[in-house]
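Working notes for the structure below.
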Amino acid sequence: MMGNKLICKEGGRLDQVLSNDLSITRNKAQKIIRQGVSVNGRKVYKTGLMVKAGQEIAYTEYVEPSPDFTPKDIKFDIVYQDDDILVINKPRGLVVHPAAGHKDDTLANGLAYFFHDDDKETDQDFRMGLVHRIDKDTSGLLVVAKTIKARDYLVKQISSHLVKRQYLCLAYGNFKDKLFKVSAPIGRDKYNRKKMAVNLENGKEAVTHFEVIRQFKECALVKCSLETGRTHQIRVHLQYCNHPIVGDSLYCSRTDKNASKGQLLHAFKLSFIHPTSKKMVQFYAPVDQYFRENIKRIAEGK
21 MMGNKLICKE GGRLDQVLSN DLSITRNKAQ KIIRQGVSVN GRKVYKTGLM
71 VKAGQEIAYT EYVEPSPDFT PKDIKFDIVY QDDDILVINK PRGLVVHPAA
121 GHKDDTLANG LAYFFHDDDK ETDQDFRMGL VHRIDKDTSG LLVVAKTIKA
171 RDYLVKQISS HLVKRQYLCL AYGNFKDKLF KVSAPIGRDK YNRKKMAVNL
221 ENGKEAVTHF EVIRQFKECA LVKCSLETGR THQIRVHLQY CNHPIVGDSL
271 YCSRTDKNAS KGQLLHAFKL SFIHPTSKKM VQFYAPVDQY FRENIKRIAE
321 GK
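Letter by letter, the sequence shown follows residues 21 to 322 of our numbering.
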């Protein structure tokens, strides 16, 4: 039964009217509609339905489904830990949060097992602790907050671009500049919802700094420094420059049978101000064996 009602202040698309009148995102408004709303007593599910001012809309609040944070023994390397933070070197292939197809085999499940604390085995607490993420097939450093105070302090640093993250990757092509910057806004790809893309009109600000460490015959070892932290940012910016990352099945059209375990991208350095000591701390993680093998192969021209 729908327990909430409103009278449309203005006409327009149903999702836009709900978004405006309820002060929620359009995405959340669409989720409310897809679970069923009533317009003047008639049940509808179409997000683009045109409604008029004065019509009554009955709806039910949308509640995001809680992912499963069941403890599970999942291996990950601990680079550093104290009472406030845990710094992890995430292995390639490990998903950070539960999602479709990965319900109980994620880093979050591994953290629940690692802490083995009933007070922490909740959706809310683990979402607080995991203050940022990296893609499933990207390896490297992540910081996890162990307290609410540490979480809030780290989130504030991330939003102010004070957390510095540097990556190494292997990218195709011959680079004409050793140092360069890409400043190009990123948004959802309008043709493929799994991808992001440079969107000059509606994208969010995205800035990445690049340094070519070593140029090989067909690709280069590149250091990437994030100024912002958009989804797939490095992968999208390099594709935009016609230098897609080796092994990136989503953003690179070239197939390399030796790079079949995902993009050769590794978060090797992480810097931030410690939540308690208020001192700058830096952590490093070497590339994994998959990355090393591909560098050696490419350096030898194989």
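From the three backbone atoms N, C-alpha and C, an ideal C-beta is built for every residue, glycine too.
> Which class does residue 139 belong to by DSSP, given the choice of helix, strand or coil?
Replying inline: Only weak support exists for where residue 139 lies, its pLDDT of 49 falling under 50; the value from the coordinates is given anyway. Correct three-state label for residue 139: helix.
> Which one or two residues does DSSP pair with residue 101 in a beta bridge?
Replying inline: 106
> What is the DSSP secondary structure of residue 94, reduced to helix, strand or coil?
Replying inline: coil
>> By alpha-carbon positions, which one of 280, 100, 206, 286 ends up nearest to residue 248?
In response: 206
> Cβ of residue 183 within 9 Å of Cβ of residue 152?
Replying inline: yes
> Counting pairs of beta carbons, one from the segment 284–302 and one from the segment 164–173, are three or more of them closer than 8 Å?
Replying inline: yes
> Would you say residue 188 and residue 272 are within 9 Å of each other, going by their C-beta atoms?
Replying inline: no
> Which one of 47, 96, 59 has the shortest CA to CA distance from residue 83?
Replying inline: 47
> To the nearest whole angstrom, what separates the beta carbons of residue 191 and residue 265, a pair I think is in contact under 8 Å?
Replying inline: 5 Å
> What three-state label does DSSP hand residue 219 in the structure shown?
Replying inline: coil
> Under a three-way DSSP split, which group does residue 280 fall into?
Replying inline: coil
> Quick one, are the C-beta atoms of residue 55 and residue 80 less than 9 Å apart?
Replying inline: yes
> What distance in whole Å lies between the Cβ atoms of residue 318 and residue 261, which are believed to be in contact at a cut-off of 8 Å?
Replying inline: Incorrect: roughly 19 Å between the Cβ atoms, too far for contact.
>> Which same chain residues end up closer than 8 Å to residue 198 when comparing Cβ atoms and leaving out the 5 residues on each side of it in sequence?
In response: 231, 232
> How long is the line joining the alpha carbons of residue 354 and residue 42, rounded to whole angstroms?
Replying inline: One cannot answer for residue 354 here, as it falls past the ends of the chain, which runs 21 to 322.
>> So the candidates are 63, 235, 246, 156; which of them puts its Cα closest to the Cα of residue 225?
In response: 246
> According to DSSP, what are the bridge partners of residue 74?
Replying inline: In DSSP, residue 74 forms no bridge with anything.
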